[in-house]
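In our numbering, the protein residues as written are 18 to 216.
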C-alpha cells in the first residue's frame, strides 16, 4: 500500500486523519511471511502469537470500517465510485450499491479480525452481490469450466480439487494453451478461497 492508500494504525478519520490516507484498495489478500523460528505451533494455538512483530505490523495497517461515521462511509463510497468509475443507472441503483458497499465493509472487518496475518480492504467488487462476484470467478476467456480446467496447469487443477487450503498461497507459472489476452502468460496464484474458481 502506498500513496493515497498509505497504511496507518487503526485509521480513524475523527483522529485528524483524512479519507485519502485510509487504506482503501487491496487487490488481493496480503499476507506477511510467517517466521517459523518464533513459534513451532500454529498461530491459533496460543494468544502469545499476537505479540509477534509481523502480527503487530499487520494490525497497524488495518482499518476498522465499522468505527467510521456514516458521513465518512459515504465519503469512502464516493471515492470508490470515482476510483472504479462507477456510474449507476439511477438513485435506486446507487442506494442499493451503497447498501452492498456497507455490508462488504462489515465483512472486511470480520475477515481482518479473524485473519491476523492478512489484510483485507475495499476492492472493485465491494459494491457487488455475492452472486455477481461469483460470476467473475470463471473468466469469459473460457467457454466452460472443463475448457478452463484443460487450459490450466494440471498441477494447479489437481491442487484446486483438494480445496482452498491446498492452493491458498501457492503459485503456478505456465503458458496457457488456447487462451487470449493478459491471461495467456504469467504466474497465477490464489490469495484466498474467493480467488479459487475450482474451490
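Where is the CB? At the ideal position from N, CA and C, for every residue including glycine.
Quick one: give me the first and last residue of the alpha helix (DSSP H) that residue 177 is part of. Locating residue 177 in the chain shown gives position 160, where the first residue counts as 1. Taken as a continuous stretch (DSSP letters only), the alpha helix (DSSP H) holding residue 177 covers 171-177.
Suppose the cutoff is 7 Å on Cβ atoms and the five residues either side in sequence are ignored; what does the same chain contact list for residue 166 look like? Here the question's residue 166 lines up with position 149 in the chain shown. Within the same chain, 174 come within 7 Å of residue 166 by CB-CB distance, once the 5 residues on both sides are set aside.
How is residue 74 classed by DSSP in three states: helix, strand or coil? Taking the first residue of the chain shown as 1, we reach residue 74 at position 57. Helix.
For residue 100, collect the residues of the same chain with a Cβ closer than 6 Å to its Cβ; drop the 5 residues on either side in sequence, then sort them by chain order. Along the chain shown, read from residue 1 onward, the residue named residue 100 stands at position 83. No residues qualify anywhere along the chain.
Residue of 180, 137, 162 minimising C-alpha distance to residue 79: Within the chain shown, numbered from 1, the residue matching residue 79 stands at position 62. Per the Cα distances, 137.
Which class does residue 128 belong to by DSSP, given the choice of helix, strand or coil? Taking the chain shown and counting its residues from 1, the one referred to as residue 128 is at position 111. DSSP, read as helix, strand or coil, puts residue 128 in helix.
Between the alpha carbons of residue 217 and residue 172, how many angstroms are there, rounded? What the structure shows of the chain is the stretch from 18 to 216, and residue 217 is not part of that stretch, so it cannot be assessed.
Can you tell me which of the three DSSP states residue 53 falls into? Here the question's residue 53 lines up with position 36 in the chain shown. Because residue 53 carries a pLDDT of 37, less than 50, the predicted location of this residue cannot be relied on, and the following value inherits that uncertainty. For residue 53, the secondary structure class from DSSP, reduced to helix, strand or coil, is coil.
Pick from 119, 147, 149: whose alpha carbon is nearest that of residue 86? In the chain shown, residue 86 corresponds to position 69, counting from 1. Closest by alpha carbon: 119.
Since I believe residue 121 is in contact with residue 95 (beta carbons under 8 Å), could you give me their beta-carbon distance rounded to a whole number of angstroms? Translated into positions along the chain shown, residue 95 becomes position 78. Translated into positions along the chain shown, residue 121 becomes position 104. Not confirmed; about 15 Å, so no contact.
Please identify the residue among 164, 176, 83, 108 whose C-alpha is closest to the C-alpha of residue 130. By one-based count along the chain shown, residue 130 stands at place 113. With distances taken between Cα atoms, residue 130 lies closest to 83.
Where does residue 11 land, buried or exposed, given buried means 16+ other C-beta within 10 angstroms? Any answer about residue 11 is impossible in this case: the structure gives the chain only from 18 up to 216.
CA-to-CA distance, residue 141 to residue 73, given in whole angstroms: Mapped onto the chain shown, residue 73 falls at position 56. Mapped onto the chain shown, residue 141 falls at position 124. The straight-line gap from Cα to Cα measures roughly 27 Å.
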